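Student:
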Amino acid sequence: WDLGAPKVDPLEPENVFMFLTGPLPGLGAPCMRSVIAFKSPLTLTYCDSYHGGFLGAEIKYAGYDGIVIHGRADSPVYLYIEDDRVEVRDAAHLWGLDTEQVYHALYSEIGGDRFEIACIGPAGENLVRFALVDCSYHRQSGRGGGGAVMGSKNLKAIVVRGTHRLRVAEPERFRAAVRQAYADLETAPGALDFRRYATLSGIVDDSEKGILPTFNYQQASFEHAANLLGVVYEERIWLRNAACMGCSIACSKMGAIRRGKHKGTICDNVEFETTGTMGSNLGFTKAEDLQYASHLCDILGLDTMSTGVTIAFATEAYKRGILSRDDLDGIELDWGTADAVHTMIKKIARREGIGDLLAEGVKRVSERLGGEALKIAMHTKGLETPGYEPRGMPGHALGYATGDRGGDHERSYMVHYEARGALWQGRPVDPFAREGKAEIQIHTQNITAGNDTLILCHFANEVGIETAIKMLNAATGFNLTEEDLFTVGERVWNITRLFNLREGFTRADDDLPVRVKEEPLPDPRVKGQRISQKDLDDMLDDYYRLRGWDENGVPTEEKLAALGIAARPDRG
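Structure, rendered in C-alpha cells:
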C-alpha cells in the first residue's frame, strides 16, 4: 500500500516487487514457505504467490526479512546477495535461457557452498502475463504473473547466500512446539497420503463428485481421470521423494519419463491443479503427455493453471469457429491433442504467432475476440479459473468471486466442506445450498490469511493451528492466540480489499464466468447446477454484511477503525 503508486502499470518500473519470508523459515519448523508480492500484470489487482524450497530461509540467514525491488535495470542483470554484500551483476549470458539452464549456469559460475536461486524463464523475459518465478529448482510462485514483473525489470534471477545463525526468543518452548508439529505430521492421514501420491490421490473422486474441470469447464467429470492418478505416476514416472526445508511430508517427487517420444526427460511431479486445469481440462489421457506439458511450463516459466485454461479456451474457440486454423498458425487443436498443446506452450512462452495473443491471458483474448468468446472465457478478475469446477459448490464459487487476486482455490478451503465432508460447527454442510455459505467462506478466508502470514504450507494444516501458534510465540516472544491470528487474517482481507478498490475495482468485479452463471452442468451428481446472477448477488449481500462492508463491498469506517486500519480506498 505504502510503497506502490496507485494505478501503476504493473510492467512499469514503479511497480514494486518483493520477496518476503515470514517469522519462522530457517528455524527448523516444518512446512515453511516464502512469498513474492506485487501488483499483477494479469489481473491488475494486489497479488502474492507462495513457493516452497529453501529461498526464504537463505534470505533470513543473509540477515534480511525480505527483498524489495524498485525500478528497472538498463540491461539484463541478476542480484547477488551474500550477507551484507549486495551486487547487481550482468546477466546477458543468462537471458534467453530456460530455468534449468539458469540454475546450471549459476551453480557453475558461483560455485562454493549452499546458496539459493530464484529466476525466470523465457516467458518472464517476454512479459507473458502469467509467467512464473521459479525458486529453489522448480518450487514455483506461479499465479498472477510475477515472472513478467521480474522480466519488466530486466531481472533474470536473484542469488542469496547467508551465513548468519538465527535465534528464537524461547528456545526450549520452541523446540517442544517443533517436536509436536513433527509428531502431528507423522500420524496425520493426509500427510501420509501427500507423501506417497503428492496431490494426485483424489482425481477420480473429484470427477465422480462433479468438480473436475473438463473440456474448458463444459463438463465436471472426466472418463479418463484414473489415467492421471498418483498411482500411475508412481508406477511409471516418479523415482524418489523430495522435500522443502524442514518438511517431513516430502510431497514433491523427482522422476523421469520412461516411455514415449519424451523418454528420458527428467522432471518433478505434476500437481493436482495442473491436472485439473491442464489435464482433464484439455482431455489428456496419458500421464506422460501431461507430465511433459507440465515440464515445459516449468522450464519456460509459465503458470500451468493459466496456461492450461488459456489453451482450453483456444481449443473450444477453434471448435466453435471463433478462431480459425490460420489464426492458430496451422495447429489442429482438439481435446487430447498432446503434441499440439506442447507446441502451443512453446509459442506462448516465446510470444510467437498465436502465442503472442494467448500470452495476454483469457480475459484479454476474449475481450479482443468479443461476441461468443466472452461466454466461454473462464476467469475471475482476469485470473484463470483454478482446478475445481465451482457450479456444484456455491460457497467455493463465492470464494472465486470475492478473491483478492482473482478466482482462487488457495484463499480458503470451502471445498473441504462442500465436497470432502468436513463439518461446520459440528454439522454436515449441504453442498448445493446458497444460504449460510458466506459465513463459512469468511471464516476460512480469515484463518487461511492468518496462516499465510506465518507463511506455512497449506499442507501444514495437519499440524493444527494451536501448535503453529506455539511455534510462533516461542520464536518471536509474542503471546498471540488463535483469535488474534483470525483477526490478523481479517485485517489482511480488508487491506487487500482497500488496495483493489484504490485500483478501481468495484462490486461488479466480484463476478463469476458467464458459463458458471448461465450453463447448467450436465454431469450426474451435479446435473443442472449453476450459480445464477441472483444466487451470486444474494451471497455477496450476505458476505459484505458479515464482513462489515457496505452494499458496494467497501469496508465501513467502523470496521476499519475496529481493525486499526488507517488506509482508505481513496487515499494513494
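Position 465 (the sequence shown) corresponds to 456 in this note's numbering; numbering is contiguous. Ideal placement from N, C-alpha and C gives every residue a C-beta, glycine not left out. In this text, all values refer to a predicted model and were calculated from it rather than measured experimentally.
By a C-beta neighbour count over all protein chains shown, 10 Å radius and 16 as the cutoff for buried, is G193 buried or exposed?
Tutor: buried
Student: How big is the Cα-Cα spacing for V119 and R164?
Tutor: 47 Å
Student: Take the Cβ of F423 as the centre, count every other Cβ of all protein chains shown within 10 Å, and call the residue buried at 16 or more, exposed below.
Tutor: Exposed.
Student: Who are the near neighbours of T439 in its chain, counting only those whose CB is closer than 8 Å to its CB and skipping five residues on each side?
Tutor: E401, R402, S403, Y404, H449, G480
Student: Between L97 and A148, how many whole angstroms is the CB-CB distance? I'm expecting something under 8 Å.
Tutor: 7 Å
Student: Along the beta strand (DSSP E) that carries F206, what are the first and last residues, could you check?
Tutor: Neither: F206 is in no beta strand (DSSP E) and is coded neither H nor E.
Student: Can you name, in chain order, every residue of its own chain whose Cβ lies under 7 Å from the Cβ of V169, other than the five neighbours on each side?
Tutor: Same-chain partners within the cutoff: G19, A20, M462.
Student: Tell me the rounded alpha-carbon separation between G563 and N485.
Tutor: Reliability of the predicted coordinates at G563 is poor, the pLDDT of 45 falling under 50, and no value is obtained from them.
Student: Do you know whose CA, among L85, G153, A64, G133, lies nearest L46's CA?
Tutor: G153
Student: Report yes or no: is there a C-beta of chain C within less than 8 Å of the C-beta of D259?
Tutor: The displayed structure is made up of one protein chain only, and chain C is not part of it.
Student: Assess, as a yes-or-no matter, whether the stretch 257 to 264 is touched by the stretch 278 to 291 under the definition of 3 or more beta carbon pairs within less than 8 Å.
Tutor: Cβ pair count under 8 Å is three or more, so yes.
Student: Considering only DSSP beta bridges, list what C238 is partnered with.
Tutor: Paired residues: none, contrary to the question.
Student: If I measure Cβ to Cβ from M369 and keep anything under 6 Å in the same chain, skipping five residues before and after, which residues do I get?
Tutor: Excluding positions up to five away in sequence, the list reads Y208, V300, T376, P504.
Student: Whole angstroms is fine: what's the gap from G519's alpha carbon to E199's?
Tutor: 15 Å
Student: When you compare only the Cα positions, how much space is there between M335 and L476?
Tutor: 44 Å
Student: Out of T178, A182, Y41, E73, state which residue places its alpha-carbon closest to the alpha-carbon of G103.
Tutor: When each option's Cα is compared against that of G103, the closest is E73.
Student: Could you name the residues that DSSP lists as bridge partners for P546?
Tutor: Answer is W540.
Student: Between T444 and the rest of its own chain, which residues show a CB-CB distance below 8 Å, the 5 nearest in sequence each way excluded?
Tutor: Around T444: G13, L476, V479, G480, V483.
Student: With three or more C-beta pairs closer than 8 Å as the rule, is the stretch 76 to 83 touching the stretch 301 to 320?
Tutor: no
Student: Excluding sequence positions up to five away, which residues of its chain have a Cβ less than 8 Å from the Cβ of L365?
Tutor: S357, E358, V505
Student: Under a three-way DSSP split, which group does A340 fall into?
Tutor: Helix at A340.
Student: Using 10 angstroms around the beta-carbon of G133, count the other beta-carbons present and answer buried if the total reaches 16, otherwise exposed.
Tutor: buried
Student: According to DSSP, is F595 helix, strand or coil?
Tutor: Outside the displayed span of the chain (-8 to 563) sits residue 595, for which this structure offers no information.
Student: Once you ignore the five residues that flank D196 on each side, which residues in its own chain have a CB closer than 6 Å to its CB?
Tutor: none
Student: From S297 to G373, what distance separates their C-alpha atoms?
Tutor: Computed Cα separation, rounded: 10 Å.
Student: Which whole-angstrom value is the C-beta distance of L33 and F106, which I expect to be below 8 Å?
Tutor: Wrong, their Cβ atoms sit about 30 Å apart, outside the cutoff.
Student: Taking the alpha-carbon positions, what's the V222 to A216 distance?
Tutor: 12 Å
Student: How would you call N442, buried or exposed, if buried means at least 16 neighbouring beta carbons within 10 angstroms?
Tutor: By the Cβ neighbour-count rule, N442 is buried, with 16 or more other Cβ atoms within 10 Å of its own.
Student: Within 10 angstroms of its Cβ, does S566 collect 16 or more other Cβ (buried), or is it exposed?
Tutor: Look at the range of the chain in this structure, -8 to 563, and you will see that residue 566 is not part of it.
Student: Comparing alpha-carbon positions, which option in N232, I460, G468, T467 lies nearest E474?
Tutor: Ranking the options by Cα distance to E474, first place goes to I460.
Student: Inspect the beta-carbon positions of T458 and A160 and report whether they are closer than 8 Å.
Tutor: no
Student: Could you please give the first and the last residue of the uninterrupted beta strand (DSSP E) stretch that includes H42?
Tutor: Counting along the chain, the unbroken beta strand (DSSP E) around H42 starts and ends at 37 to 42.
Student: For E49, which residues from the same chain have a beta carbon less than 6 Å from its beta carbon, with the 5 sequence-adjacent residues on both sides left out?
Tutor: E107, V151, G153
Student: For N452, which option in E549, Y37, L176 has the closest C-alpha, if you only look at C-alpha atoms?
Tutor: L176
Student: Have a look at A308, F185, L551, Y408 and flag the residue whose alpha-carbon is nearest the alpha-carbon of V353.
Tutor: A308
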